[in-house]
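Some notes on the structure that comes next.
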Ligand code: HEC
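Residue numbers (UniProt numbering): 1 to 222.
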């Protein structure tokens, strides 16, 4: 009897060790890399922070509601090296008066790096946005040692600010068709709220009143 107990205890212990060993091995084998971004992206939901880059719309969308006064605040990040005054001097970076429409990396008699002067073309909304997102990605080897503006609205605002510093400011572009996407989202949320209201019957009145704020919460945050 005693013998049998020892055998059972022995096997139980053995099984435990095997299970532990297996789980360690499995843990090593299936160890997954921590994803760069946590969580699952939800389509149609505007992501904050790191995810914003993926959900970013064309710059024209942000320019449509750009505010040059807000851009002046953003431009404070640039004034260590730039001014945008008419006839202003070049400093660490070139004077930026009337820069939109100017050839890329050629204006104002500034000693541009070949990295930027070799890009070609003239400054427009799109390449200016790309440049300000990441100067070193746009023109690898550029002398502009500025990390970039990741927030698209900041970029649009500062571009709008630069645009006003010109003898002939360009008309800001109209919002592209993609701008309709969030509006559709709002509409869907609105329909939901309307549905909650439509279902309002004397008995359901209370439940409906509760459903409304819930529907509001479901609306995409802006
Ligand atoms: C640390 C200094 C520095 C900061 C900060 C800086 N820049 Fe520059 N910028 C430069 C330099 C230097 C160049 C020339 C780059 C080259 O030749 O490669 C340049 C070039 C540019 C150009 C191209 C001009 C042309 O005529 O082609 C634009 C536009 C520009 N900067 C805008 C900005 C804006 C907007 C900001 C702020 C959000 C900013 N820069 C911040 C130094 C800076």
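Heads up, the beta-carbon is just placed ideally off N, CA and C, and yes, glycines get one too.
Note that the structure is predicted; figures quoted are calculated from it, not measured.
Through-space distance from residue j to residue i, alpha-carbon basis
| i | j | result |
| --- | --- | --- |
| residue 135 | residue 129 | 10 Å |
| residue 15 | residue 24 | 14 Å |
| residue 98 | residue 86 | 8 Å |
| residue 61 | residue 89 | 33 Å |
| residue 192 | residue 56 | Interpretation of residue 192 is limited by its pLDDT of 48, a score under 50 that renders its predicted location unreliable; no figure is taken from the coordinates. |
| residue 95 | residue 158 | 15 Å |
| residue 113 | residue 67 | 31 Å |
| residue 172 | residue 102 | 16 Å |
| residue 120 | residue 138 | 12 Å |
| residue 73 | residue 100 | 19 Å |
| residue 58 | residue 21 | 53 Å |
| residue 152 | residue 143 | 23 Å |
| residue 3 | residue 26 | 34 Å |
| residue 123 | residue 104 | 6 Å |
| residue 175 | residue 166 | 22 Å |
| residue 141 | residue 76 | 24 Å |
| residue 84 | residue 71 | 12 Å |
Spatial neighbours of residue i in its chain, beta-carbon cut-off 7 Å, leaving aside the 5 residues before and after
| i | result |
| --- | --- |
| residue 9 | none |
| residue 12 | none |
| residue 108 | 90, 94, 95 |
| residue 63 | 125, 156, 159, 160, 172, 173 |
Terminal residues of the alpha helix (DSSP H) in which residue i lies
| i | result |
| --- | --- |
| residue 131 | 125 to 133 |
| residue 114 | 114 to 117 |
| residue 157 | 152 to 164 |
| residue 74 | 68 to 75 |
| residue 60 | 59 to 63 |
Proximal residues to residue i (C-beta, below 6 Å), its chain only, five neighbours per side dropped
| i | result |
| --- | --- |
| residue 110 | 90, 94 |
| residue 82 | 93, 96 |
Buried or exposed by the 16-neighbour rule on C-beta atoms within 10 Å, applied to residue i
| i | result |
| --- | --- |
| residue 6 | exposed |
| residue 78 | buried |
| residue 196 | Only weak support is given to the placement of residue 196: the predicted model assigns it a pLDDT of 46, under 50, and the value that follows is read from those uncertain coordinates. Counting Cβ neighbours within 10 Å, residue 196 comes out buried, since at least 16 surround it. |
| residue 80 | exposed |
| residue 133 | buried |
Residues of its chain near residue i, where Cβ-Cβ distance is below 8 Å and the 5 sequence neighbours each way are ignored
| i | result |
| --- | --- |
| residue 170 | 100, 101, 163 |
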